[in-house]
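Residue numbers (our numbering): 2 to 165. Before any comments, here is the structure.
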Amino acid sequence: MIGYDQVLAICRSDPESAARMLCELSRELDALRKEIAALQAENATLRERVQTLEERIAKDSHNSHKPPSSDGLAKPKPKSLRPPSNRPSGGQPGHTGHTLHMVENPDRTVRHTVERCTGCGVCVDECPVLAITLVRHVARVDAARCTGCGQCVEACPSGAISLA
Ligand code: SF4
Ligand code: SF4
2 MIGYDQVLAI CRSDPESAAR MLCELSRELD ALRKEIAALQ AENATLRERV
52 QTLEERIAKD SHNSHKPPSS DGLAKPKPKS LRPPSNRPSG GQPGHTGHTL
102 HMVENPDRTV RHTVERCTGC GVCVDECPVL AITLVRHVAR VDAARCTGCG
152 QCVEACPSGA ISLA
């Protein structure tokens, strides 16, 4: 940067060079002003765009029409609308429970026989009520769970299981 004294010395010693220098500086100043104006306009546009995007990101199911499923991991846990109670959860003292008990003479009995079992486990995957387990690589049917659907019989590749 040229100092005041240097400029004064140039003006006194060489006025023509000083005039040319002033004209050149004036042109550069004009160009810089235009460039600044363009950058300011671009900056304003970008600020507006950032604000629009930030507003869009800040929207969720609470402040827009978006469904709760779109809230992602930021979704708060659902809260029960019930008022708090001093009583413990579950059955209250004095309440007689009801459950299904085993009976001596059931209405229907399904007996399974497993023969020639290779222990492939296909029937275990097929049973819809998880009544079959492999014990020492042989299928065993829990008759209490079995509904008699017959899927294991159809699925067994060895024909080793049957309903009787
Ligand atoms: S008959 Fe049906 S319910 Fe019974 S063991 Fe086979 S797949 Fe399971
Ligand atoms: S599908 Fe048949 S062979 Fe395979 S484990 Fe069951 S009963 Fe045994």
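Note that CB positions come from ideal geometry on N, CA and C, so glycine has one too. Keep in mind the model is a prediction, meaning the values are calculated, not measured.
Nearest residue (CA-CA) to Ser-71, options Val-154, Ala-59, Ser-18 and Ala-144 = Ala-59
Can you tell me which of the three DSSP states Ala-42 falls into?
-> helix
Of all the options Cys-128, Arg-137, Cys-157 and Lys-76, which has the alpha carbon lying nearest to the alpha carbon of Ala-144?
-> Cys-128
Boundaries (first-last residue) of the beta strand (DSSP E) holding Ala-10 | Unbroken run through Ala-10 is the alpha helix (DSSP H), 5–14; no beta strand (DSSP E).
Please determine, among Ser-18, Asp-126 and Arg-83, the residue with the shortest C-alpha to C-alpha distance to Cys-157.
-> Asp-126
Roughly how many whole angstroms lie between the Cα atoms of Gly-95 and Arg-88?
-> 13 Å
Whole alpha helix (DSSP H) runs in the segment 84–148 with 4 or more residues, listed along the chain?
-> 123–127
Sub-9 Å separation of Thr-148 and Ala-132 beta-carbons = yes
Which residues mark the beginning and the end of the beta strand (DSSP E) in which Leu-164 is found?
-> 162–164
Within 10 angstroms of its Cβ, does Cys-124 collect 16 or more other Cβ (buried), or is it exposed?
-> buried
Should Cys-24 go down as buried or exposed, given a rule of 16 or more other Cβ atoms within 10 Å for buried?
-> exposed
What's the gap between the Cα of Gly-92 and the Cα of Ala-140?
-> 38 Å
By how many angstroms is the C-alpha of Lys-76 removed from the C-alpha of Asp-31?
-> 54 Å
Cys-150 versus Val-136 - alpha carbon distance | 22 Å
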